[in-house]
Every structure is written in structure tokens, then in C-alpha cells.
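Under the numbering used here, think of the first position of the sequence shown as 164, with each following residue one higher.
Note that the Cβ used here is the ideal one computed from N, Cα and C, for glycine as well.
Since we're looking at a predicted model, the values are computed, not measured.
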Amino acid sequence: MSSTTDDDDYRLEVLGYKPSFRREFSNLATISFAFSIMGLCSSIATTLNTPLLLGGPTSVTWCWLLGSCMCFTLGSSIAEIVSAFPTCGGMYTASAQLCPKSHRAIVGWIVGWLNILGQVAGLSSTEFGLANMIWGAVSLSHPTFQLTQGKTVGLFAGLLMVHGLLNSVATRYLAFATRGFVFVNLGTTVVIIIVLLATTPRSEMHSATYVFGTQGIINQTGGWNNGIAFLLGLLSVQWTMTDYDATAHISEEVRRAAYAAPAAIFIAVIGTGILGWLLNIVLMLCSGPIENLPGISGSAFLQIMALRMGTPVALFLWSFVCLTAFFVSQTALQACSRTVYAFSRDHGLPDKGFFGHIANSTRTPLRAIWLTTVLAIIPGFLDLASPVAANAIFALTAIALDLSYIIPIFLRRLYANHPDVNFRPGPFYMGPGLLGLAANVACISWTLFVCVIFSLPTVFPVTKINMNYASVIAVGVVFLSGVWYVLGAHRHYHGPTSNLDAETKARLGLEEVRPDSSSTSEKEKDGVLVSLNSA
């Protein structure tokens, strides 16, 4: 283990950063983390209403298959870059290293803010969804229960505080707990599939035409044609299969990070795609009359379970779905706090590196953890004043994150032959040929397409209440971050910056530590490419 850790730390130093974390995440813990960030059954539970009630069962089944196949190209492209740059900055750090020196600061700045705000919005919306899942169970078991915004926001804030406390422990405890997440996640999904099939009479199951064919296209948008209504089903799969690079953000805590982190992303995308499609098919087969959904609980997923299993069994299994959502928030907070830490370490925040601090007691970024917790609570409190504004921030998640992913993928191809850019593939590499290029082009094109779908209002007539403000918020983030950079941030932020001391630089023989190294020669040492003095 010591030799492996030394190799990992050496790779990190070559990238320009001092090892600060303890590498406690094993292969199992890393894979479990990657599965947990997507959530699977809990993410489908919180998003099923959208495709089912807008486009119908056919939209649910085929959009999941289509979306997960395209997400596989994005996940593979991200894994390739993560393998080359296994730092907690993730795609933010990579984007600044994959463009010419003159562009690194502004590219890193914009991608960094898109990624951070996307993660914060994702954490906040996931926690808010968990609060609604819990209250939905209460409403199902106590039909006279009166749910208020205050109760939802209060539970939401309390859950975030709990996750803040759980993330404040040492890495070895986080790694130990994370190992079990994948078994609860996948186990719950499999059990729900089996129980639904076992408790639904064959005579009451819907036909294949309803689940896969034209009979299952039920347009309830109030204005969109059937094609757009069908495509709105992509919102579920794209929201579920996002935050791919979360595993990269813990890579400085992972053993054999250049191998384990990309492999975990690759495995989790495949597993989530396949098992998620099976779950959606079974849900549609057993869904009953669509006019009875989403029911008193407000969740079509829970209502289908209650219809087939009975309320007691449904609520018992629902507790594990909620537990899965709890794990999503736990891993999302850990990943986001590491991104905040990395951005502060590079002086991207106006804090003089305050949040880029590692606590001696836990060897974790406690300041960044609690800053992330507070930031994630804000949209929930905003719901008390303006649910429209809160929902607009929640909707930012997928657009902001996906844009922050395709920028470095695009830059890698655009500046492949630029003298300032020297992309050195890691162990996970699709090669220089057609396979890697096709995956990159497909994921970039697909992401731009789904960003358009994400920006459409879902129902008509469009009012200020149901208007989709996601695109406005995303463009606003890019514009305001650019203005902030021009007006003042350029004085303290110059792109990813090495924090190695002079002695370490001398030991490595680094003239100008990456990512700012441009005129260097290369030497292979212990399986790691090292930039040496050109002299």
C-alpha cells in the first residue's frame, strides 16, 4: 500500500500539487462512491413524474435507453481526462491545462464556477428531493397530514446539517461507510423490481405497446407536439446520470487514483444505465391507470409501489429508497467540498486560500465542507420567499455540470497540436484513433442538444410560475463570472497554481511545474511522465 501511495503522490506532485489527503478509498469504496453519486432508484423516484406525466410510458422507457447510451460516451470521455489529471479539481483543473497558456486563467475561472455552482445546485436539489420523499411517505400513511413549505425547508436544512457533520470525520471513516452504499443502492433497486413483478397480476400488467409503442405516448404538456413531449423524458436520465466527475474530486483520497477513479466512473455509468432501464420498464408495466398518478404522495414511483405492494410494504422499501438519496447527498457534499477546496487552493475564491485549508485533526477540508453546506442551504430557504427562484436554481444542475464537462473535452481536441498543450494520457485511454474521437464528438453534440431540451418550458400555457429559467441562470453564471474576472478576479486568480515548495520542485527537477509548463522535455520514470528542465 505504501508503494502505491508513493506512486499516487508522485503523480500528484508532477501535476504541481502537494499531497494533503490520506488515500483511504479502496477500489470497492471508489466504485461504490461513483454508483452512489448517481443514486439510481432514488434519482428515478424523484424525477419519474416528469417523463411519465408529460410524455407517457413510452417516453420513460425509450428516453432512458437513448440517454444512458449517450451518457456512456460522455462518461468514457470524462474518465479518460480524469485518468490523465487525477486531482480533486477534476474537470476544472483539466480544462485549464488543455488550452493555451494565455487562455488558462479565464477558462479555468468559468469552468470552475460552472462546476461549483452546478454541484451546489445538485446537492441542494437532491436534499430537497429527499425531504419531499420523506414527507410524501408521511402523506401516504396519514392522508390528513398537511404539508407546508416551512416543514419541507426545515427538514431539508436539518438533513444538510447532518451531512455536514458526517462529512467532518476523517477520510478513513468516510471510505469505510461508503463501501456499503453500493449494496444498498443496487440491492434496493433489484428488490423493488422483483417485488413489483411478483405482486402485479399478469392481467393487470400493461401491454408492450403501452410500455414501448405508440399507445404509451401520452402527451400532457398542454401545447408541445408529441415529439417534444417524448423528448422531455430525457430530463430524468440526464439528471440521474450526471456529476460524473464527482469521483475525480476525491481522487487525491483514492489509491491508484489514475486507474481506480476512471474505472469507477466507467463501471457506474454502465451499471446505472442497464439497471435503470430495467427498473423503468417494470415500473411502466405495473403502473396502473396513469390518471391516478402521482397520487396523494405526489410521487408516481411511490404510488405505483403502494398500488402493487400495499402501503406497509411500499413504505418499508421506500425507506431504503430514501436511504439511497441520503447517500447521494453524502457523496455529493464530499465531492463538492473538494472542488471548493481545489478552487480556493488555486486562489479562485476571494478568500486568500482560507477555504483551501486541510484540518490537521481529520486531514479533510473542514472549512470547505461547511462553506458548501451553507451554500447548499440557501436555495432551500429561498423557496420560502420564491419557489420559482428556488426551482430555477435547482434546474441549473444538469446544464451547468454538463457544460463544465464538455469544455475540457472540446479543448483537448481543439488544441491537440498546440505547443502549450501536452495531453499525456493516463491508464484509461480510448486511443488516438476513431473510437476516442467518435466518443468525444458524440458526447459534445449530445450535451448541446439536451441543454436545449433542458431549457424548454415543460407545460403550457407558460406563466412566470412554470417558466423554465435554467438556461437564463446558466448563461447568467457564465456572463457574471466573466465580468467578475475582468473587473477584479484576474488580480488573484491566474489559473491552477502549484503549491509545491522549492525543495520539492528541485527534487522533481521541475523548471516550471505544470499546469504552466510549456517548454519542457519528457522522461519516463517509474511509469510516470516527468517534465524536466529543458536544459
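Could you tell me which residues DSSP puts in a beta bridge with residue i?
{"i": "Phe188", "result": "Val417"}
Report the option in the options whose CA atom is closest to the CA atom of residue i.
{"i": "Trp272", "options": "Phe506, Leu191, Ser265", "result": "Phe506"}
{"i": "Ile636", "options": "Ile562, Leu359, Tyr578", "result": "Ile562"}
{"i": "Phe375", "options": "Thr474, Thr494, Leu229, Ala411", "result": "Leu229"}
{"i": "Phe740", "options": "Gln401, Cys262, Tyr255, Asn295", "result": "Residue 740 lies beyond the residue range present for the chain, which begins at 164 and ends at 698; the question has no answer from this structure."}
{"i": "Ile532", "options": "Val432, Ala495, Phe544", "result": "Ala495"}
{"i": "Cys226", "options": "Val353, Val358, Gly439", "result": "Gly439"}
{"i": "Leu216", "options": "Ile453, Thr560, Lys515, Asn631", "result": "Ile453"}
{"i": "Ser265", "options": "Val641, Asp583, Val649, Pro590", "result": "Asp583"}
{"i": "Val604", "options": "Leu574, Thr621, Asn580", "result": "Leu574"}
{"i": "Ala300", "options": "Gly396, Pro457, Gly253", "result": "Pro457"}
{"i": "Tyr180", "options": "Tyr504, Gly594, Leu512", "result": "Tyr504"}
{"i": "Phe429", "options": "Glu666, Val316, Phe196", "result": "Phe196"}
{"i": "Thr701", "options": "Gly543, Ile459, Ala409, Gly451", "result": "Only positions 164 to 698 of the chain appear in this structure, which leaves residue 701 out of reach."}
{"i": "Met716", "options": "Tyr648, Asp170, Thr405, Val316", "result": "One cannot answer for residue 716 here, as it falls past the ends of the chain, which runs 164 to 698."}
{"i": "Cys251", "options": "Pro620, Lys515, Leu545, Arg174", "result": "Arg174"}
{"i": "Thr352", "options": "Thr560, Leu643, Leu486", "result": "Leu486"}
Buried or exposed for residue i, going by 16 or more other Cβ atoms inside 10 Å?
{"i": "Val654", "result": "Rather than Val, the amino acid found at residue 654 in this sequence is Arg. Exposed, since its Cβ has fewer than 16 Cβ neighbours within 10 Å."}
{"i": "Ser239", "result": "buried"}
{"i": "Arg670", "result": "exposed"}
{"i": "Asp689", "result": "Its pLDDT being 39, under 50, Asp689 is placed unreliably by the model, and the measurement read from it follows with that caveat. Result: exposed."}
{"i": "Gly390", "result": "exposed"}
{"i": "Ala602", "result": "buried"}
{"i": "Phe464", "result": "buried"}
{"i": "Ile241", "result": "buried"}
{"i": "Thr626", "result": "exposed"}
{"i": "Pro571", "result": "buried"}
{"i": "His510", "result": "buried"}
{"i": "His369", "result": "buried"}
{"i": "Gly651", "result": "exposed"}
{"i": "Ala371", "result": "exposed"}
{"i": "Phe490", "result": "buried"}
{"i": "Gln312", "result": "exposed"}
{"i": "Val646", "result": "exposed"}
{"i": "Asp664", "result": "exposed"}
{"i": "Thr341", "result": "buried"}
{"i": "Gln493", "result": "buried"}
{"i": "Phe623", "result": "exposed"}
{"i": "Ser608", "result": "exposed"}
{"i": "Ala548", "result": "exposed"}
{"i": "Ser684", "result": "At Ser684, the pLDDT of 37 sits below 50, so the modelled position is not reliable; the number obtained from the coordinates is stated separately. Classification for Ser684: exposed."}
{"i": "Val615", "result": "exposed"}
Quick check: residue i and residue j, are their CB atoms within less than 8 Å of each other?
{"i": "Ile413", "j": "Gln497", "result": "yes"}
{"i": "Thr210", "j": "Leu398", "result": "yes"}
{"i": "Tyr592", "j": "Glu243", "result": "yes"}
{"i": "Ile433", "j": "Cys449", "result": "no"}
{"i": "Tyr373", "j": "Pro220", "result": "yes"}
{"i": "Arg471", "j": "Asn662", "result": "no"}
{"i": "Arg526", "j": "Phe188", "result": "no"}
{"i": "Ala146", "j": "Gly202", "result": "Outside the displayed span of the chain (164 to 698) sits residue 146, for which this structure offers no information."}
{"i": "Pro249", "j": "His581", "result": "no"}
{"i": "Pro550", "j": "Ser287", "result": "no"}
{"i": "Leu277", "j": "Leu566", "result": "yes"}
{"i": "Ala409", "j": "Ile200", "result": "yes"}
{"i": "Thr236", "j": "Ala427", "result": "no"}
Alpha carbon to alpha carbon, how far is residue i from residue j?
{"i": "Pro588", "j": "Val270", "result": "21 Å"}
{"i": "Ile279", "j": "Asn190", "result": "26 Å"}
{"i": "Tyr568", "j": "Ala553", "result": "24 Å"}
{"i": "Ala719", "j": "Ile556", "result": "Look at the range of the chain in this structure, 164 to 698, and you will see that residue 719 is not part of it."}
{"i": "Phe518", "j": "Ser183", "result": "14 Å"}
{"i": "Ile521", "j": "Leu529", "result": "7 Å"}
{"i": "Glu675", "j": "Leu178", "result": "Below a pLDDT of 50, predicted positions are generally treated as unreliable, and Glu675, at 47, falls in that range; no measurement from the model is reported."}
{"i": "Val537", "j": "His326", "result": "11 Å"}
{"i": "Leu323", "j": "Gly436", "result": "28 Å"}
{"i": "Ser366", "j": "Gly461", "result": "26 Å"}
{"i": "Ile297", "j": "Ala208", "result": "12 Å"}
{"i": "Val641", "j": "Ala421", "result": "30 Å"}
{"i": "Arg677", "j": "Phe479", "result": "For Arg677, the predicted structure reports a pLDDT of 43, less than 50, and the residue's modelled location is therefore unreliable. A value from the coordinates is still provided. Approximately 52 Å between the Cα atoms of the pair."}
{"i": "His657", "j": "Val484", "result": "44 Å"}
{"i": "Thr377", "j": "Gly218", "result": "11 Å"}
{"i": "Ala361", "j": "Trp481", "result": "17 Å"}
{"i": "Ile540", "j": "Pro425", "result": "30 Å"}
{"i": "Gly379", "j": "Val445", "result": "14 Å"}
{"i": "Gly275", "j": "Tyr632", "result": "21 Å"}
{"i": "Val476", "j": "Asn455", "result": "20 Å"}
{"i": "Val332", "j": "Ser500", "result": "13 Å"}
{"i": "Leu329", "j": "Gly386", "result": "46 Å"}
{"i": "Thr660", "j": "Leu261", "result": "14 Å"}
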